[in-house]
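In mature numbering (1 follows the signal peptide of the UniProt record, and there is no 0), the protein residues as written are -20 to -1, 1 to 1194.
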């Protein structure tokens, strides 16, 4: 919680270093001056800018006035340029609602797109990276019928947060911005005279005072301030260096006969020597008061800086006396409140504290100890903290109340600070009671005047609006609405936000230099809430008083209060005695602000002392400018002579295509008086004289114009055809006057090639392919390792300070064809062929003769491409008209396989790059065409057949639902038994498939015939030839086996016959005493049993398996085996809660799978709170026995524990 005793706006000032030996280093307003731009124009990067604010004009009038001054309306090309313009507009704009014309306009031929009007074609496009500058909604093509036809101009404006673009009409009178390139600065008309105008070059310029830092209010807290004095700082600059006075300021009100009351400011000089106690001193502009006292030092103070040019006055400031008493120390009682209620925690601070803290919609987690801290802030800086107040214990108790309807508290919405001032951070808070168990309250805000809220101003789940740097346009009525999760809404409540503002200048006064006898018009415009009063001072003396006492001529001096915010000083028939320093002081009850400027009246005969006419050079056929910039006042007339011949130049115009001045005749006068000479010939060489005259005299200055022969290219680049990866030399050499330096620039498709000095031998391009060697072949361009992208137009430009001459050449690169495009496969595919079409790519100057088609199967890696058509002659393809696409059939594809195709074109230089691949397509299925190979047997056991074979590859499956089918019959029988082979096992890393067929325990002596085939859903393919093989066995039974492969397309060829013998029988006993126990691992049980002993006619036991499956499911499809080897216990993991399982244990050997344990054990994992340890009961056919597993509970959460119950089914029900 903050205790704000006094708040003042932070004022930023620009500081300049003052050197004692050379005290003059300029004023803050000098930072915008640039020798590359005329007076009144501001410099940024390569352009000069001027802002017209005094006389608003329509769009067309503003555009013409920019041209009269030698420039064009504003064009924005970069975000950096926008930032510069926005910064200037912030200073020039009277209000943020003011809008400024630019050259932006909606394209007449393309609704919703914009261009910069009046600029060359290459500069007209509005760049896409600037779209973020739009504040207005950009119209869409569908809005054309309803959009106002005259809203076509891009204007600058502000939404209160930032400056950006709006769409508006062209007829209202607005301010506007002009710009021009620094390259044509010698054509621009100055919009002002500098203070150095008419000052001899040999003299150090005199300059009146200017403030480097205006005084600020200071805070003094007697008990807390470290220093026992208050210092009011004032710093100014000037030539000669200023001295300082400080005044005590008071106000005086006067009422005239009409009843109008006017308040005036009176000043009393502070004399430190008259202070007998030595409390007051003035040092280097600072007023220091020791041991200040609120009873005697609470006045307003004002600083005066003066030198030989005059004096200026600062804003008024004061010493703010703060007080921060020690807070209470007694302990606080605990506050207890029901959950979901609202509660106020009183801070009990000293006076002038903000409201108490309020907690809404309290939860148990709000329980704790709260501490109120008191801080003192001044000018936005935290200065002092009070000792910590006593702790406030706070407890939230359980409440069963399910819901409260929302209601906004009576004292909300609220604003902090309670009396906000312009520039402060303002916080609007809405606070409501209400609760629902679903979710919290939803807050929303709106302005009742329809103005949108500031961007990103909503905070704290939309409960709070934060507005830093509050401005007058933020004033309005803000409404808060609250809604709960059930849709119940509180009655909306609103807050009428009003702010106050110390005066701030929207149009400060500026240094002004005028001709003798001219009229001076200086406007001082300041805004404030409440409205400000203005008072003018001349050299620190009240100007109205000087006029009233006729110290100043009332017929020439007048002050007009044209509005509540604007005051204008008018001086007619300016005289040299009017030179002075002027101060405009704007003030209201909150404070004051001053704006200072120097008025200088100039009277002198024309002189070229500072700016004589300078010699110049021009080239035949080019242009030249002879500058004539004399100083003189009052206004001068200028004339030109070529030798002794008087010239009659015309008036130049601005060419919108080039942005430069043009001339219909050979001689024209530029807006600033300079002479423009176009289409130079040798006869234009000679001496040119500028003559300047006014009422006080005449001056002339002459200089010579040299006309140099035209630039010529003795070597030019020529059109060439080159091979890919070769080296190209493009020559370029210019012939020019030896007095001129020639520079060569190369362009590719109109874009300049940027060279860097990366080594001593060459200048290399970014991709290290374009080189420009030094020496006498400096203009030549080497292109090494030429690629197809290097094809295009190259231009060599020979540049001198006077002209530029260019020559073009077309380089074509020959080589393999470019990639084909648009590869499309006909959806009507066949079993092994498809129809494909494509568009032929660039032939790269050689005729395309053939094509190569490559395929990538879906099962192959994405980068594995197989040639399916190796040399397709172009004449064997069909050309489709009118598109010109090519078409052919691709054969030899596998059936039922997903492919994508790509195509290469071939010419005499070789195959080109591949096309982008087509979409995947799938060929139609057919029956398998291959039989199983290398059919062998082995590893059989009692009553089983084991056989293996080499599986067919995926490509050979030829259809969906591919599988193997075996036909088995006993030797001598006539009929085969048919078996689908679904449970094959892959062995030897997938090299073979193995299948075990169960014959029965009593069938191990009789031989069998087995046929294996491949089948799919379409066709059955005839059987293969027969073959025999033997399978090891303890018995001497003989079986014959052959295989057949099948899929959903049909059956494949059968394999040959195979012989097989069997092992001893599998274990005939089963594990007993199967026990299930809980474990400390989740979803896991322990199973143990008593093992079995093999008999003489049985294979030895090789291990045990635990088989379990969900109760009620299909056993053969859902069972899971856990192999534990020869151990007689094991663990079953991954069990699901609330799922009932069946479980059995069996042994196995080489003879096969033994019998399974009996009865079936049935179990289920259930939560601990449902488990009854040791409980048993009997059913009609089985018995349940519960076994619970212990578990650890964390806090009050229920952790699922495992309870296991077994079901012993009677053997008759197995």
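We put the beta carbon where it would ideally sit given N, CA and C, even for glycine.
- Looking from the CA of residue 725, the closest CA among 1123, 765, 260 and 758 belongs to 758.
- As a beta-bridge residue in DSSP terms, residue 1084 pairs with 1105 and 1127.
- Within the DSSP bridge table, the entry for residue 775 names 727 and 788 as partners.
- An exposed status is given to residue 207, since fewer than 16 other beta-carbon atoms sit within 10 Å of its beta-carbon.
- Assigned with DSSP and collapsed to three states, residue 662 falls in helix.
- Closest in C-alpha terms to residue 1076, from the list 1062, 1064, 1046 and 139, comes 1046.
- In this structure, DSSP gives residue 903 a state outside helix and strand, which the three-state scheme calls coil.
- Scanning its chain for C-beta atoms nearer than 7 angstroms, with the 5 sequence neighbours on each side dropped, one finds around residue 348 the residues 374, in chain order.
- Pairing residue 614 with residue 674 gives a Cβ-Cβ distance under 7 angstroms.
- Within the model, the alpha-carbon separation for residue 402 versus residue 585 is close to 50 angstroms.
- Ranked by Cα distance from residue 1119, the first of 1134, 882 and 1093 is 1093.
- Restricting attention to beta strand (DSSP E) runs no shorter than 3 residues, the segment 472 to 523 encloses them at 473 to 477, 481 to 487, 492 to 495, 500 to 509 and 513 to 518, ordered along the chain.
- In the DSSP assignment, residue 890 forms a beta bridge with 887.
- Short of 6 angstroms from the beta carbon of residue 671, and not among the five residues preceding or following it, lie these beta carbons of its own chain, in chain order: 619 and 680.
- The three-state secondary structure of residue 127, taken from DSSP, is coil.
- In this model, residue 196 and residue 421 are separated by some 45 angstroms (Cα to Cα).
- Going by DSSP, residue 47 is part of the alpha helix (DSSP H) stretching over 39 to 48.
- Of the residues assessed, residue 978 falls on the exposed side of the cut-off, its CB having fewer than 16 other CB atoms within 10 angstroms.
- Excluding the 5 residues flanking it on each side, residue 947 has same chain C-beta neighbours closer than 6 angstroms at 956, 958 and 991, in chain order.
- Within the model, the alpha-carbon separation for residue 161 versus residue 541 is close to 39 angstroms.
- When the alpha-carbon of residue 15 is set against those of 163, 804 and 909, the nearest one is in 163.
- Distance between residue 265 and residue 285, taken at the CA atoms: about 8 angstroms.
- Going by beta carbons, residue 1059 and residue 1113 fall outside the 7 angstroms limit.
- The straight-line gap separating the alpha-carbon atoms of residue 901 and residue 799 is approximately 21 angstroms.
- In the DSSP assignment, residue 70 falls within the alpha helix (DSSP H) that extends over 59 to 72.
- A contact is defined here as three or more CB-CB pairs under 8 angstroms, and the segment 620 to 637 fails this definition with respect to the segment 568 to 583.
- Under the DSSP assignment, residue 1096 falls in the alpha helix (DSSP H) whose first and last residues are 1095 to 1098.
- Rounded to whole angstroms, residue 889 and residue 847 show a C-alpha spacing of 20 angstroms.
- Shortest Cα-Cα distance from residue 413 to any of 500, 324, 396 and 405 involves 324.
- The shortest CA-to-CA distance from residue 1054 to any of 814, 988, 1062 and 1126 is the one to 1126.
- Burial check for residue 841: the Cβ neighbour count within 10 Å stays below 16, so the residue is exposed.
- Contact between the segment 114 to 122 and the segment 83 to 93 is present: three or more C-beta pairs spanning the two stretches fall below 8 angstroms.
- Annotated three-state conformation of residue 611 is strand, per DSSP.
- If the five residues before and after residue 478 are omitted, its C-beta is found closer than 7 angstroms to the C-beta atoms of 455, all from its own chain and listed in chain order.
- Counting along the chain, residue 576 sits inside the beta strand (DSSP E) bounded by residues 571 to 582.
- Here residue 835 is near residue 881, since their CB atoms are less than 7 angstroms apart.
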